[in-house]
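Okay, so here's the structure we're looking at.
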Amino acid sequence: MALAISIIITGISIGLLVIYAADAAVSGGESGKGFLPLDAMTRGIGFGVPPIILPIMAFFISRKEPSKGLGTMIIIAGILIIIGGVVFFSIISSGDTENVAKSAGMGGGLIAIGGVIAALGSIKIKRS
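Going by my numbering, the letters in the sequence shown line up with residues 34 to 161, in that order.
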């Protein structure tokens, strides 16, 4: 049961990350211009924060049950977060020079969080 719940919430996480990326790509960085009528902050909170929390929850919910499939899904979620951090950093830092340090911190933070999530997925696979 715990494994099924973990797979479902990790799938939700991946789905939210894909929706977030698609809306951000369609909007071109402008608030409210994507297919979701949300500004960048709301989109980030609604579609960016849960995908960070859900794979971590999935790892700990199913920590005693082996599953290479779940480990792979957790790694995919981590890689998507890392890609988001790299894209965020490259787009924001190529703009105005005032926000370079702020964007470096946010992009770097996403890259680090994605790395931790991918490492949890690797641990899950290794234990399976």
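From the three backbone atoms N, C-alpha and C, an ideal C-beta is built for every residue, glycine too.
Residue i vs residue j beta-carbon contact at 9 angstroms
i    : j    : result
D56  : F80  : yes
G141 : G118 : yes
I47  : I109 : yes
G147 : I124 : no
S60  : S95  : no
I158 : G104 : yes
S100 : L143 : no
L87  : L113 : no
L69  : I52  : yes
Buried versus exposed, by CB contacts within 10 Å (16 or more), residue i
i    : result
F122 : buried
M74  : exposed
S161 : exposed
A91  : buried
A151 : buried
L85  : It should be pointed out that residue 85 corresponds to Ile in this sequence rather than to Leu. Result: buried.
G111 : buried
M106 : buried
G67  : buried
Inset, instruction - List in chain order: all unbroken alpha helix (DSSP H) runs of 4+ residues lying wholly within the region 39-96. - result: Complete alpha helix (DSSP H) runs here, min 4: 73-81 and 83-94.
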